[in-house]
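Read through the structure below, which is laid out as structure tokens, and then see the notes.
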Amino acid sequence: MSWFADLLGPFRGFAVTMRQVTKPRVTRKYPEEKRIKPERFHGRHVLNRDVDGTEKCIGCELCAGVCPAACIYVRGADNPKDDPVSTGERYGFVYEINMLRCIYCAMCVEACPTEAITMTHLFEMSVTDREDGIYTKNELLVEPDGTPNHPQPESALINIEELRLGDGWMRATSPSGRVDYEGVVQWSPSARTGELPAELGQSVLNLSSRAEQGETDG
Amino acid sequence: MSVFIEAGIKVLVAFVFLLVTVLLLVWVERKFVSDLQNRVGPDRAGPWGILQTLADGLKAMFKESITPTNAEFALYIAAPVVSMTTALLMFLVIPIGAPIEINGTLYTLQVMDLNIAILYILAVSSVAVYAITLAGWASGSKYPLLGSVRASAQMISYEAAMGLALVPVVMFAGTMSVSGIVESQQGDFLGFLGPWNIVLLPSFVVFLIAGFAETNRAPFDLVEAEQEIVGGFHTEYSGMRFALFFLAEYINVFTISALTVTLFFGGWGGPVFGPWIIQQVLPVFWFLAKTWLIVLFFVWVRASLPRMRYDQLMGFGWKKLIPVSLAWIILVAIALGVREFGVPWA
């Protein structure tokens with residue numbers, strides 16, 4: 001009777017499609033339902049502040065130098081002696097990113113020595129004018145309490161809470177890229193004030209012992 | 219005079235009925251195809267997206283109809299008109315319900331009751347090929363020309379198969395009139411079942427496959443598939459002109475389904491019960507139910523089968539369908555001859 005089964009072979013495809021009717025749909029109904037982004041999602045950039053409110057950006061222009069799309073424009077200026085804006089000698093006086101040219105590669109995040117620029121989970125940035133696509137420090141700099149800024153008002157499409165979810169980038173790859181630094185709090189966190197616990201799980205072996213002893217490798 | 223009034227009313231009703239059906243059909247197709255593909259179809263325009271077709275129609279009306287520079291203008295405009303006209307004309311001979319008797323006059327629920335209706339249908343579907351040919355040629359551009367030449371060849375070859383598939387039906391029923399064929403399928407078994415022509419199974423299969431090819435539906439939609447040839451013969455059409463092609467295609471789908479039901483599944487036959495007014499409405503309901511089932515089958519096939527390559531398509535039509543139809547005609551003729559005259563050696 002296998003010839004009968006062979007004859008029915010081409011019609012098995014019909015059964016497959018009919019079975020799909022009974023399964024739940026895979027479509028996610030945006031904007032009512034939004035997907036939780038992966039932790040290291042390359043969204044929109046923010047310029048971070050330290051826990052005491054000073055800006056982290058020291059105007060070194062490394063991000064502009066490494067950007068493959070040449071979309072960052074930075075001009076540094078000296079910090080006023082009595083009212084320092086940033087934690088170094090200079091600060092980012094002009095800081096603009098052309099979001100329409102940005103390729104969201106996060107090389108600026110890798111290049112930044114102070115973790116001033118990081119990427120959040122925001123991606124809803126549609127503008128109606130090319131001029132509005134150039135984000136200046138107004139839009140990029142976080143609020144003194146660590147809240148990311150957003151040029152457009154909060155609406156069904158823009159979820160400010162999503163911006164508060166910090167990225168794990170700097171914590172996942174320590175400055176030396178070495179697993180031995182796992183468990184050692186290196187930097188203050190991004191897009192948030194206060195300290196976050198160190199991220200674990202990079203190496204299966206050194207889960208907690210080194211962190212407790214504070215031992216590091218050279 | 220009353221003949222003209224009656225004809226006028228029937229034409230108007232058929233026209234409105236077809237347009238409303240096509241509106242519904244486009245939505246049903248999009249929703250059902252998306253269900254079969256495990257996704258949500260249109261669901262923004264109105265509840266469950268039922269206003270989507272209306273929105274598409276409005277958009278088509280307001281869109282600019284761009285005419286290519288190299289287009290042959292008169293034929294370019296004529297093509298969608300011919301397409302829509304033949305699509306509407308094909309439906310005129312299909313009875314959607316049992317004849318109603320009011321005050322002694324018998325009203326048949328078809329716009330025209332020709333006694334050569336089968337021939338009329340085949341003739342009109344042949345003229346529909348002109349629309350495709352004109353559209354592609356008059357667009358004045360390479361890809362529409364290629365698409366329309368292939369589409370014309372496809373439609374012509376499968377029309378031969380379709381015509382041959384209908385010959386056993388005509389022999390079996392003894393008449394070419396569609397209403398006659400439907401009448402010959404009515405009976406009393408289980409209260410409504412008669413000799414449905416589905417017993418002519420090879421004819422049914424060949425007719426259905428040829429119907430898919432006639433309407434340029436999957437799996438025979440190479441000539442208008444976006445992934446293959448942008449749009450085939452309707453690439454250079456925009457706005458209302460494209461909407462005419464689009465609607466004509468769906469009217470054709472509905473007409474072929476209605477024809478399948480009429481010729482093979484007993485047309486408007488079905489259990490009839492209840493008071494007089496219900497008894498007149500029920501055949502229409504049975505006809506619509508059966509036709510929509512075949513339409514859903516069309517959509518199911520579209521979602522399930524991959525597209526046939528053009529040479530596979532033409533080979534299938536000429537080398538498989540036509541010989542099968544011819545062989546079946548001979549068999550049916552022999553069977554009917556035996557039934558009529560007895561075995562030759564008796």
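So the sequences go chain by chain: A and W.
The opening residue of the first sequence carries number 1 in the numbering used here; numbering runs sequentially from there.
The opening residue of the second sequence carries number 219 in the numbering used here; numbering runs sequentially from there.
Cβ coordinates follow ideal geometry from the N, Cα and C atoms, glycine included.
Would the beta-carbon of residue i fall within 7 Å of that of residue j?
i: Ala476 of chain W; j: Thr509 of chain W; result: yes
i: Thr480 of chain W; j: Ile312 of chain W; result: yes
i: Ser375 of chain W; j: Trp536 of chain W; result: yes
i: Ser370 of chain W; j: Ile399 of chain W; result: no
i: Ile314 of chain W; j: Leu327 of chain W; result: yes
i: Val367 of chain W; j: Val229 of chain W; result: no
i: Leu307 of chain W; j: Val342 of chain W; result: yes
i: Leu141 of chain A; j: Ala111 of chain A; result: no
i: Gln404 of chain W; j: Trp414 of chain W; result: no
i: Ser359 of chain W; j: Pro386 of chain W; result: no
i: Met526 of chain W; j: Phe451 of chain W; result: no
i: Phe93 of chain A; j: Ala70 of chain A; result: no
i: Ile361 of chain W; j: Val417 of chain W; result: Looking at the sequence shown, residue 361 of chain W is not Ile but Tyr. No, Cβ-Cβ distance for Tyr361 of chain W and Val417 of chain W is not below 7 Å.
What is the rounded straight-line gap between the Cα of residue i and the Cα of residue j?
i: Arg19 of chain A; j: Lys34 of chain A; result: 27 Å
i: Pro541 of chain W; j: Gly264 of chain W; result: 49 Å
i: Tyr528 of chain W; j: Pro493 of chain W; result: 53 Å
i: Leu531 of chain W; j: Leu340 of chain W; result: 21 Å
i: Met219 of chain W; j: Gly226 of chain W; result: 11 Å
i: Glu222 of chain A; j: Asp50 of chain A; result: With chain A covering only 1 through 218, there is no way to say anything about residue 222 of chain A.
i: Gly365 of chain W; j: Gly354 of chain W; result: 7 Å
i: Val244 of chain W; j: Leu352 of chain W; result: 25 Å
i: Met389 of chain W; j: Ala551 of chain W; result: 8 Å
i: Val499 of chain W; j: Gly533 of chain W; result: 44 Å
i: Ala316 of chain W; j: Val517 of chain W; result: 28 Å
i: Gly457 of chain W; j: Leu272 of chain W; result: 14 Å
i: Ile58 of chain A; j: Thr87 of chain A; result: 7 Å
i: Lys277 of chain W; j: Cys60 of chain A; result: 53 Å
i: Thr118 of chain A; j: Gly43 of chain A; result: 9 Å
i: Ser188 of chain A; j: Glu39 of chain A; result: Below a pLDDT of 50, predicted positions are generally treated as unreliable, and Ser188 of chain A, at 44, falls in that range; the measurement from the model is reported next regardless. Distance between the alpha carbons of Ser188 of chain A and Glu39 of chain A is about 17 Å.
i: Leu384 of chain W; j: Arg557 of chain W; result: 20 Å
i: Met380 of chain W; j: Ala289 of chain W; result: 33 Å
i: Ser126 of chain A; j: Met99 of chain A; result: 10 Å
i: Thr22 of chain A; j: Arg520 of chain W; result: 18 Å
i: Leu544 of chain W; j: Asp331 of chain W; result: 29 Å
i: Gly484 of chain W; j: Ile284 of chain W; result: 46 Å
i: Gly267 of chain W; j: Met394 of chain W; result: 42 Å
i: Ser252 of chain W; j: Phe430 of chain W; result: 20 Å
i: Met302 of chain W; j: Pro10 of chain A; result: 35 Å
i: Glu224 of chain W; j: Ser344 of chain W; result: 28 Å
i: Gly560 of chain W; j: Leu411 of chain W; result: 27 Å
i: Thr287 of chain W; j: Gly322 of chain W; result: 60 Å
i: Thr478 of chain W; j: Gly488 of chain W; result: 16 Å
Looking only at C-alpha atoms, which of the options sits nearest to residue i?
i: Ile512 of chain W; options: W:Gln498, W:Gln497, W:Phe482 and W:Phe491; result: W:Phe482
i: Glu124 of chain A; options: A:Pro24, A:Pro84, A:Tyr30 and A:Lys23; result: A:Tyr30
i: Leu523 of chain W; options: W:Leu539, W:Pro413, W:Asn256 and W:Ala436; result: W:Ala436
i: Pro24 of chain A; options: W:Phe235, W:Asn256 and W:Leu230; result: W:Asn256
i: Thr304 of chain W; options: W:Tyr468, W:Lys538 and W:Glu558; result: W:Tyr468
i: Val74 of chain A; options: A:Leu47, A:Pro80, A:Asp82 and A:Leu100; result: A:Leu47
i: Val300 of chain W; options: W:Phe464, W:Gly485 and W:Trp563; result: W:Phe464
i: Ser357 of chain W; options: W:Ala296, W:Gly275 and W:Val238; result: W:Ala296
i: Glu282 of chain W; options: W:Val490, W:Ala461, W:Val561 and W:Ala466; result: W:Ala461
i: Leu241 of chain W; options: W:Lys538, W:Ser397, W:Asp274 and W:Asp331; result: W:Asp274
i: Ile334 of chain W; options: W:Ile496, W:Val396 and W:Phe515; result: W:Val396
i: Ile318 of chain W; options: W:Val234, W:Ile495 and W:Gly560; result: W:Ile495
i: Met373 of chain W; options: W:Phe250, W:Val258, W:Ile427 and W:Ser252; result: W:Ile427
i: Val238 of chain W; options: W:Gly449, W:Ala466, W:Trp563 and W:Trp266; result: W:Ala466
i: Val378 of chain W; options: W:Phe425, W:Val502, W:Val234 and W:Leu363; result: Correcting the residue identity first, residue 378 of chain W is Ala in this sequence and not Val. Measuring from the Cα of Ala378 of chain W, the nearest candidate turns out to be W:Phe425.
i: Trp486 of chain W; options: W:Ile474, W:Trp563 and W:Phe503; result: W:Phe503
i: Phe250 of chain W; options: W:Ala553, W:Phe515 and W:Leu293; result: W:Phe515
i: Ala32 of chain A; options: W:Ala292, W:Pro501, W:Arg262 and W:Thr323; result: Sequence inspection shows Glu at residue 32 of chain A; the Ala mentioned does not correspond to that position. Among W:Ala292, W:Pro501, W:Arg262 and W:Thr323, the Cα nearest to that of Glu32 of chain A belongs to W:Arg262.
i: Glu442 of chain W; options: W:Leu363, W:Phe222, W:Leu269 and W:Phe291; result: W:Leu363
i: Cys108 of chain A; options: A:Phe41, A:Asn79 and A:Val66; result: A:Val66
Pull up the CB-CB distance for residue i and residue j, whole angstroms please, since I reckon it's below 8 Å.
i: Ala391 of chain W; j: Leu310 of chain W; result: That pair is no contact at about 20 Å.
i: Pro298 of chain W; j: Arg459 of chain W; result: 5 Å
i: His45 of chain A; j: Ile103 of chain A; result: Going by Cβ atoms, the distance from His45 of chain A to Ile103 of chain A rounds to 12 Å, so no, they are not a contact pair.
i: Leu254 of chain W; j: Thr17 of chain A; result: 4 Å
i: Lys56 of chain A; j: Ala106 of chain A; result: That pair is no contact at about 17 Å.
i: Tyr95 of chain A; j: Thr136 of chain A; result: 7 Å
Say yes only if the C-beta of residue i is nearer than 6 Å to one or more non-hydrogen atoms of the ligand MN, and no if none qualify.
i: Ile552 of chain W; result: Here there are no bound small molecules, and the ligand MN is not part of this structure.
By the criterion of Cβ-Cβ separation under 7 Å, what are the contact partners of residue i in chain C?
i: Asn256 of chain W; result: Absent from the structure is chain C; the protein chains it does hold are A and W.
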